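All remarks here apply to the structure that follows.
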Amino acid sequence: KNISLDITKAEQFLKSGAVEAYEGQVKAAQEALENGTCPGNDFLGWLHLPSSITPTFLDEVEAVAKTIREKCDVVVVAGIGGSYLGARAVIEALGNSFAWLIEDKKNPTIMFAGNNIGEDYLSELTEYLKGKKFGVINISKSGTTTETALTFRLLKKQCEEQRGKNEAKDVIVAVTDAKKGAARTCADKEGYKSFIIPDNIGGRFSVLTPVGLLPIACAGFDIKALVKGAQDMEKATGKDVPFAENIAAKYAAVRNGLYSQAGKKIEIIVNFQPKLHFMSEWWKQLFGESEGKDGKGIFPAACDFTTDLHSMGQWIQEGERSIFETVISIEKPNKTLLFPHDDENLDGLNFLEGKRVDEVNKMAELGTRLAHVDGGVPNIRLSVPELNEYYIGQIIFFFEMACGISGNLLEVNPFNQPGVEAYKKNMFALLNKPGYEAESKAIQEKLK
Ligand code: PA5
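All you need for full-length UniProt numbering is the position in the sequence shown, starting with 1, plus 1.
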């Protein structure tokens, strides 16, 4: 059984046959991805990545993870954007909701840093790590990203001070470029174990490389099942799969239809399981960075339901009709909990007594869907049998393939991110970075 897609409640907002009308364009987009004739064709390494991953490679990742798991109580994953969100999405989706509070000797606590420049955050992180047996996975493709480099400086020093340089060597791992960047130079000089991020895979498409696989394996999850899920989805969304059966093709088509024909400029990814919060963050980067350019692109937003129905629900139900929703629905929870009886029944909820909590959640989901569709919000539903490694692997590749197709339908280069440089340039100019003298002068003029 695979994850499945229901677009019926979105199609009804378009002219009849509008989704099927994309078939030719989708086919051309998939051919262009396959033949490398699309824009950004030097970043297509993700396209057949799942099927190219060998068991030997996964054994190697697992062996390094085993060493770290044996030697560390805490593992700090340092990375930002595409070098961070995939690992966090998978680890939080699969892990216990209170993982960081649980004294679980089987698995180290996984922490994420290198994704902000918060002085309090970093101070509190280093305070927390004092006296702890911690290791670091330093993830940066360029090896020069300020947020990650700053964090790595702090953590390397602290790890060496606490464990000694020799022992630190065994618990610091780099995931970076094969040849260039500070992370590579440092790893080679210090003799750290390292993994390579392939040149032809951009950050937001890199979760199935060691960028995601190593932290996920360190957290104790089954990376072989994750990759198997992605491999099966690679087959299920390939260019020769007929349009009607290809869920990535249909998703790409319907969202482009809603955007260009129905004025739906914002897509909200929605979950009814709080563990999926970071899956949405990963999705936001995947689609936002891939499509938001040349003055175009659906704005990717995210809500956790039912939580946000009590904050954003009003806007979604009755605000400007420029949105559509994509719900990731988990069919079967992993645990069982029944709605309890209460003798006094003050809240009047005894009629739910004995029902699975998930049954109530599912009715909230269905009720929300119907209400939002009635309120003019098209609804797409991705149905996932269970929250486990295999299906998360499917979800990852499904969205990657849909994004590759969708960016091509939108006629942008989905694999670059030139806009990310603008803030960096200004920040370095403001901080008087050597080499930025002209920019520093210009920006100071602007501020006068
Ligand atoms: O998708 C991207 O390219 C970005 O989000 C990068 O992954 C992010 O900026 C981190 O870059 P790097 O891995 O070079 O440190």
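Just so you know, even glycine gets a beta-carbon here, dropped at the ideal spot from N, CA and C.
The model shown is predicted, which means the values in this text are computed figures rather than measured ones.
For residue i: DSSP bridge partner residues
i	result
residue 454	The requested residue 454 is not part of the displayed model; the chain covers only 2 to 449.
Cys73	Paired residue(s): none; Cys73 is not in a bridge.
Cys160	In the DSSP output, where bridge partners are listed per residue, Cys160 has none listed.
Leu6	Leu383
Ser195	Ala175
Arg205	Beta-bridge pairing links Arg205 to no other residue.
Asn139	Ala79 and Ala175
Asn272	Asp305 and Ile329
Ile317	Its beta-bridge partners do not exist; DSSP assigns none.
Lys434	Beta-bridge pairing links Lys434 to no other residue.
Lys447	According to DSSP, Lys447 bridges with nothing at all.
Phe300	Ile267
Arg256	DSSP, once it has assigned bridges, lists no residue as partnering Arg256.
Lys294	Lys297
Residue environment, residue i, which counts as buried when at least 16 other CB atoms sit within 10 Å
i	result
Thr57	exposed
Trp101	exposed
Ala423	exposed
Gly213	buried
Glu12	buried
Arg154	exposed
Phe99	exposed
Asn346	exposed
Ser312	exposed
Thr38	exposed
Trp316	exposed
Ala184	buried
residue 1	Residue 1 cannot be examined here, being either before or after the span of the chain that is shown, 2 to 449.
Gln445	exposed
Phe352	exposed
Leu432	exposed
Candidates the options: closest to residue i by CA position
i	options	result
Leu227	Arg322, Ser53, Val62 and Asn389	Asn389
Glu63	Ala220, Thr177 and Gly144	Ala220
Lys434	Tyr252, Leu411 and Thr147	Thr147
Glu366	Asn36, Leu410 and Leu383	Leu383
Thr238	Ser17, Lys28 and Gly18	Lys28
Gln26	Ile406, Leu448, Phe416 and Lys425	Ile406
Ser281	Ile396, Lys157, Asn417 and Gly132	Ile396
Asn117	Glu446, Gly368 and Thr149	Thr149
Glu35	Glu235, Met364 and Val20	Glu235
Lys225	Tyr392, Leu411, Phe113 and Asn42	Tyr392
Arg357	Ile381, Thr337 and Gly349	Thr337
Ile299	Asp105, Ala179 and Val413	Val413
Gly355	Phe340, Gly368, Lys363 and Asn362	Phe340
Leu95	Leu156, Gly394, Asp295 and Phe352	Gly394
Glu319	Asp343, Gly377, Lys180 and Ala30	Gly377
Glu326	Ile270, Phe279 and His278	Ile270
Asp241	Gly18, Ala33 and Thr177	Ala33
Phe416	Cys160, Lys180, Gly203 and Asn3	Gly203
Lys106	Gly144, Gly349, Val75 and Asp200	Val75
Residue i, DSSP secondary structure in three states
i	result
Leu339	strand
Pro386	strand
Leu411	coil
Ala112	The sequence shown places Met at residue 112, rather than the Ala named in the question. Reduced to three states, the DSSP call for Met112 is strand.
Lys236	helix
Cys39	coil
Glu345	coil
Ala94	helix
Ile103	coil
Phe288	helix
Lys190	helix
Lys251	helix
Lys131	coil
Lys16	coil
Lys181	coil
Lys356	coil
Thr369	helix
Pro56	helix
Tyr85	coil
Pro51	helix
residue 455	Lying before the first or after the last residue shown, residue 455 is absent from the chain, which here runs from 2 to 449.
Short CB-CB distance (under 7 Å) between residue i and chain B
i	result
Ile111	Here there is only one protein chain, and chain B is not present.
Proximity test, residue i beta-carbon vs the ligand HEM heavy atom, cut-off 6 Å
i	result
Ser195	Judged by which ligands are present, the ligand HEM is missing from the structure shown, whose ligands are the ligand PA5.
*Cβ contact (3+ pairs, closer than 8 Å) linking the region 79-99 and the region 134-152*: yes
*Counting Cβ pairs, one atom from each stretch, are 3 or more of them under 8 Å apart for the region 257-269 and the region 81-100?*
no
*Segment contact, 8 Å Cβ cut-off, at least three pairs: the region 278-294 with the region 439-446*: no
_Three or more C-beta pairs below 8 Å linking the region 241-260 and the region 403-422_ = yes
*Can you find at least 3 beta carbon pairs, one from the region 186-200 and one from the region 6-24, that sit closer than 8 Å?*
no
*Examine the Cβ distances between the region 269-281 and the region 325-335 and report whether three or more of them are shorter than 8 Å.*
yes
_the region 156-168 / the region 123-137 touching (three or more Cβ pairs under 8 Å)_ = yes
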